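Structure, as structure tokens:
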Amino acid sequence: MFTAESKPYLVVTCGDKKVNTKKLGQVLNAKKVKFASIDVVKELTGFLPGGVSPVGLASSIPVFLDKSLFDYDVVFAAAGTSNSALPVAPLRLQQITDGTVIDVCS
1 MFTAESKPYL
11 VVTCGDKKVN
21 TKKLGQVLNA
31 KKVKFASIDV
41 VKELTGFLPG
51 GVSPVGLASS
61 IPVFLDKSLF
71 DYDVVFAAAG
81 TSNSALPVAP
91 LRLQQITDGT
101 VIDVCS
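Under full-length UniProt numbering, residue 106 is the last one in the sequence shown; the count climbs by one each step, no gaps.
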């Protein structure tokens with residue numbers, strides 16, 4: 001989860017990828033993008049970092065899906081803890097979350 005101009009954003013990526021915050025800033029039209037603090041993540045989602053599920057978020061946090069997810073037939077989205085995962089097709093994950101596909105990983 002990231003924040004830009006005091007607004008939260010959830011970015012779902014492949015586990016071997018890293019979000020390029022400059023690219024994300026361009027997508028969000030924001031000058032400064034940073035990781036959300038543990039407290040902010042827990043307060044907004046009820047989950048700890050590493051376990052934030054993009055499905056069923058308590059608040060309306062915009063969800064972004066990195067395009068690299070679509071290289072796979074099935075991805076494993078976090079499901080509430082760092083030890084649990086939801087197997088799902090990327091297109092279905094996009095539909096469930098109303099996620100926007102972006103290219104922000106390096």
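Yeah, the Cβ is synthetic: ideal placement off N, Cα and C, and Gly gets one too.
Note that this is a predicted model, so its numbers are computed, not measured.
- Burial check for A58: the Cβ neighbour count within 10 Å stays below 16, so the residue is exposed.
- Contact annotation: S37 and G80 have beta-carbon atoms that are not nearer than 7 Å.
- In the three-state reduction of the DSSP assignment, T81 falls in the coil class, being assigned neither a helical nor a strand state.
- The alpha helix (DSSP H) runs of length 4 or more contained entirely in the stretch 10 to 82 are, from start to end of the chain, 21 to 28, 38 to 45.
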